[in-house]
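Worksheet: the structure to be examined is printed underneath.
Residue numbers (my numbering): 97 to 239.
In structure tokens form, the structure reads like this:
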């Protein structure tokens, strides 16, 4: 096998991997997902953000990383243990890794802290989902 055939085979494999990522993202969005960037490792320089798609599943918010071929969610956040600690605008260096017009929410979950960045429409839906907790549960707000 020559260099040309090897290069062609490598390009074909790369194209197939890119197509798989694109197909997964489109499928997740068509199933009612919203664009959400998430990070659990905090860095003052704005690093650690991962783009993904979030889905509401009853009392859980399932987050799927875009650049992953895994079939399950990468992060599963329960409404029960979720508290919003702060809301802020993205800083300059982190804005590139977020949906357009995003707001960043710093949240406490049972396993630690996580930050989620979402656009205005996704944020409205997320806050509505939090408020729609069944009767008897407190709304997890920290202004």
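Don't be surprised by glycine CBs; every beta carbon is placed ideally from N, CA and C.
### Message
Is it buried or exposed, residue 115, if we count other Cβ atoms within 10 angstroms and call 16 or more buried?
### Response
By one-based count along the chain shown, residue 115 stands at place 19. Residue 115 should be labelled exposed.
#### Entry: CA-to-CA distance, residue 160 to residue 169, given in whole angstroms
Along the chain shown, one-based indexing puts residue 169 at 73. Along the chain shown, one-based indexing puts residue 160 at 64. The straight-line gap from Cα to Cα measures roughly 5 Å.
### Task
Express the C-alpha separation of residue 179 and residue 239 in angstroms, rounding to a whole number.
As a first step, residue 239 must be located in the chain shown, where it is residue number 143. As a first step, residue 179 must be located in the chain shown, where it is residue number 83. Because residue 239 carries a pLDDT of 43, less than 50, the predicted location of this residue cannot be relied on, and the following value inherits that uncertainty. Near 10 Å, if we compare the C-alpha coordinates of residue 179 and residue 239.
### Residue burial classification, residue 137 (beta-carbon count within 10 angstroms, cutoff 16)
Taking the first residue of the chain shown as 1, we reach residue 137 at position 41. Answer is exposed; the Cβ neighbour count stays below 16.
### Query
In its own chain, which residues sit with a C-beta less than 6 Å from the C-beta of residue 182, not counting the 5 before and 5 after it?
Here residue 182 refers to the residue found at position 86 of the chain shown. So the qualifying residues of the chain are 202.
### Task
Can you tell me which of 148, 162, 197 and 213 puts its alpha carbon nearest to the alpha carbon of residue 113?
Translated into the one-based positions of the chain shown, residue 113 becomes position 17. For residue 113, the nearest C-alpha among the options comes from 162.
### Query
Where residue 173 and residue 193 are concerned, what is the direct C-alpha to C-alpha distance, given to the nearest angstrom?
Indexing the chain shown from 1 puts residue 173 at position 77. Indexing the chain shown from 1 puts residue 193 at position 97. When rounded, the distance between both Cα atoms is 21 Å.
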